[in-house]
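Colleague:
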Amino acid sequence: MISTTILRWKFMAIKIKPGFLFLVILVPALLFRFGGLSIRPMHTDEAVHAVKFGELLDNGVYLFDKNEYHGPTLNYMTLIAARLGSFDSFISLNESILRSVPALSGVMIILLLALLAGYTGWRIIITAALLLAISPAMVYFSRYYIHEMLLIFFNLAFIVFLYRYIRSGKPAWVLLSGIFAGLMFSTKSTWIIIFAGQLIAFLITVRIYGGPKPVRYMPSKFTATHIILFALSAAIPSVLLYSSFLQNPAGIADSIITYREYLSRAGADGLHIHPWYYYISLISIDSCSPLPFRADLWIFLSGIGGMIMAFTGKSTKSAKPSRSAKPSRPGEPGCNPIILFTAISALFSGIVFSALPYKTPWNMLYFYTTMVILSAFFFVQLLKNSGNTPLKAGYMALVTIIVLHLGWQSYSDNFKTFASPCNPYTYAHPGNDLLTITNEVEKVASISPEGKDLYIEIIVTDNGYWPLPWYLREFPNTGWWGEVNMEVPAAPFIICSPGNLPQLTKKLYEIPPPGQRRLYIPLLEHDPELRPGTEVSLYLRKDYYDRYARSNNRVLEY
Numbered sequence: 007m008i009s010t011t012i013l014r015w016k017f018m019a020i021k022i023k024p025g026f027l028f029l030v031i032l033v034p035a036l037l038f039r040f041g042g043l044s045i046r047p048m049h050t051d052e053a054v055h056a057v058k059f060g061e062l063l064d065n066g067v068y069l070f071d072k073n074e075y076h077g078p079t080l081n082y083m084t085l086i087a088a089r090l091g092s093f094d095s096f097i098s099l100n101e102s103i104l105r106s107v108p109a110l111s112g113v114m115i116i117l118l119l120a121l122l123a124g125y126t127g128w129r130i131i132i133t134a135a136l137l138l139a140i141s142p143a144m145v146y147f148s149r150y151y152i153h154e155m156l157l158i159f160f161n162l163a164f165i166v167f168l169y170r171y172i173r174s175g176k177p178a179w180v181l182l183s184g185i186f187a188g189l190m191f192s193t194k195s196t197w198i199i200i201f202a203g204q205l206i207a208f209l210i211t212v213r214i215y216g217g218p219k220p221v222r223y224m225p226s227k228f229t230a231t232h233i234i235l236f237a238l239s240a241a242i243p244s245v246l247l248y249s250s251f252l253q254n255p256a257g258i259a260d261s262i263i264t265y266r267e268y269l270s271r272a273g274a275d276g277l278h279i280h281p282w283y284y285y286i287s288l289i290s291i292d293s294c295s296p297l298p299f300r301a302d303l304w305i306f307l308s309g310i311g312g313m314i315m316a317f318t319g320k321s322t323k324s325a326k327p328s329r330s331a332k333p334s335r336p337g338e339p340g341c342n343p344i345i346l347f348t349a350i351s352a353l354f355s356g357i358v359f360s361a362l363p364y365k366t367p368w369n370m371l372y373f374y375t376t377m378v379i380l381s382a383f384f385f386v387q388l389l390k391n392s393g394n395t396p397l398k399a400g401y402m403a404l405v406t407i408i409v410l411h412l413g414w415q416s417y418s419d420n421f422k423t424f425a426s427p428c429n430p431y432t433y434a435h436p437g438n439d440l441l442t443i444t445n446e447v448e449k450v451a452s453i454s455p456e457g458k459d460l461y462i463e464i465i466v467t468d469n470g471y472w473p474l475p476w477y478l479r480e481f482p483n484t485g486w487w488g489e490v491n492m493e494v495p496a497a498p499f500i501i502c503s504p505g506n507l508p509q510l511t512k513k514l515y516e517i518p519p520p521g522q523r524r525l526y527i528p529l530l531e532h533d534p535e536l537r538p539g540t541e542v543s544l545y546l547r548k549d550y551y552d553r554y555a556r557s558n559n560r561v562l563e564y
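Every position in the sequence shown, counted from 1, becomes a number in the working numbering once 6 is added.
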């Protein structure tokens, strides 16, 4: 009786152990993604999307712009988060509620992997989940209010649910797959590159697996019906989102026209033109620490190893199955088209994104995600093939070192050097000077008779004043200019870029007749930067400066 009970306990422990480990991994994933979401200054792109969302929150109106801002899903997902958090206006928002949307998407990416455990084995899934949970790149951009993490989440959900449908034939899976395909289409134009690689990967996998085995699970008599179900479930969310829930029908056509802008930008935007090896350099060079390379490089190198294993079949030890062969149990070697599919799509996306002249750090995230999965496959196979030998202990030690390096790098990137130029993911990122500017505006408003209704004139060449519109959202009487406007009266508080100073001097001291020229005093000894390479000067009219100086115990010097 006792022995039977013990055996049952052992059996139950073995069954629950993978799921328990998977849940444990979610703890660092949540801590890394949701801890201190507001500590990093808002990037220009984040501020642009925040202001765009503010229009939806304040006015209940969203209009898709085929030239800018990408798709509508980020805005509507943020609307859900804002409503749940009782944020009812743009002014009431904060960085944490905005960034919680991509942060949650980053966690959902990890959760989705559990649905593949029956086909790859829990070891690969748990290893991949751990690497994703602490990956510096995945954590950093899960804390970034842009579209990329939603795109990766929707794409992975589309693939996972489609594969579950192929294996089971159940219409619920194809319905879910279609919905997430529609959401993917509604997020960002980059999906088309990702999908093209996945389509090629699917066709090659089908060819190699001689049928393939997954396809024979599909009930043919329902295939046509299910294709229609997939098409409808993909089209409905896309149409609703792009048309602003039928308030803007033109958005549907614009969702197609936008690819003309996307294709032109892919090779002609000089601001983001980088060499083919740009992404490799991002994950390789560590300028923030004395270590010779970044932890992300482990992911890349082991991912290459996993890709080679997938292409050569060295790890499977099985021949190509015939059409009539009985499928081996899910998770066994030789019954794992998922890894081959991942390897092919990773290779395609890596080549295409590297070949395109237009590059930003976040565009590598799909490739990075697939390399994490291949990296997990590589480590699992190394440990499996090493048996109970001293070599296995060496592999375990190496994996431990890699995990510790990844965790340390992720902590450093996201909680210490989150805005430092030495962090490769800080792409023209504002630093603490931005907060200095904001604090000075707050101080001036506190001593001005108008309070936050203070008239502020912001003049930055080429409208490069972002992300200030986010930080000054509580100041409604702020004018935003790319050059000096001679037709509007000069504000008591002016923020101006150096290139516009000659025209500003003319406006303040040459155009007004004698007796009407007001003196302006520099507010700071050194010009702060909005972001690297973009300095601004802060000027305060003398009558306001006198109040400001007395309030802040400054010596009045003119």
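Note that the Cβ used here is the ideal one computed from N, Cα and C, for glycine as well.
(1) Can you list, in chain order, the residues of its chain whose CB lies under 6 Å from that of I263, leaving out five sequence neighbours each side?
(2) Could you please give the first and the last residue of the uninterrupted beta strand (DSSP E) stretch that includes P142?
(3) Would you say the region 149-163 touches the region 98-111, given that touching needs at least three Cβ pairs under 8 Å?
(4) Give the DSSP-derived three-state secondary structure of R571 in the structure shown.
(5) Between the beta-carbon of S244 and the beta-carbon of G184, is there less than 7 Å?
(6) Specify whether the region 478-489 and the region 459-470 touch according to this definition: at least 3 beta carbon pairs, one from each stretch, less than 8 Å apart.
(7) With the cut-off set at 7 Å, would you say A577 and A316 are in Cβ contact?
(8) The beta strand (DSSP E) that contains S543, what's its start and end?
(9) Enumerate, from N- to C-terminal direction, the unbroken alpha helix (DSSP H) stretches of 4 or more residues contained entirely within the region 423-474.
(10) With DSSP as the reference, label L389 as helix, strand or coil.
(11) What number of angstroms, rounded off, separates the C-alpha of F93 from the C-alpha of L99?
(12) Taking buried to mean at least 16 other C-beta atoms within 10 Å of its own C-beta, is A139 buried or exposed?
(13) Less than 7 Å between the beta carbons of I258 and S249, yes or no?
(14) Do P534 and I443 come within 7 Å of each other at the CB atom, strictly closer than that value?
(15) Report the partner residues of Y364 according to the DSSP bridge assignment.
(16) Is the region 158-171 touching the region 421-441 in the sense that three or more CB pairs, one from each, lie closer than 8 Å?
(17) In this structure, what does DSSP give as the bridge partners for T484?
(18) Between A510 and P473, what straight-line distance do the alpha-carbon atoms span, to the nearest angstrom?
(19) Suppose the cutoff is 7 Å on Cβ atoms and the five residues either side in sequence are ignored; what does the same chain contact list for Y171 look like?
(20) If we ignore side chains and look at the alpha-carbon of each, how far apart do L63 and Y284 end up?
(21) In this structure, does DSSP put E52 in helix, strand or coil?
(22) Using a C-beta cutoff of 7 Å, does A496 count as contacting chain B?
(23) Mind reading off the beta-carbon distance from C502 to T423? Whole number of angstroms is fine, and I expect it under 8 Å.
(24) Starting from T540, follow its DSSP beta bridges and name the residues at the other end.
(25) What are the residues that DSSP puts in a beta bridge with Y526?
Modeller: By the coordinates alone:
(1) K72
(2) Looking at the DSSP string, P142 is not in any beta strand (DSSP E); the run it does join, the alpha helix (DSSP H), is P142 to S148.
(3) The answer is yes - the region 98-111 touches the region 149-163, with three or more Cβ pairs under 8 Å.
(4) Residue 571 lies beyond the residue range present for the chain, which begins at 7 and ends at 564; the question has no answer from this structure.
(5) In this structure, G184 does not lie closer than 7 Å to S244 by Cβ.
(6) yes
(7) Shown here, the chain extends from 7 to 564; a query on residue 577 therefore has no answer.
(8) S543 to R547
(9) 438-453
(10) helix
(11) 6 Å
(12) buried
(13) yes
(14) In this structure, P534 lies closer than 7 Å to I443 by Cβ.
(15) Under DSSP, Y364 shares a beta bridge with I279.
(16) no
(17) Per DSSP, I462.
(18) What sits at residue 510 in the sequence shown is Leu, not Ala. Straight-line Cα distance between these residues: approximately 22 Å.
(19) W179, V180 and S183
(20) Taking the straight line joining both Cα atoms gives about 37 Å.
(21) helix
(22) The displayed structure is made up of one protein chain only, and chain B is not part of it.
(23) Actually they are not in contact, since the Cβ atoms of C502 and T423 sit about 30 Å apart, beyond 8 Å.
(24) R537
(25) R547
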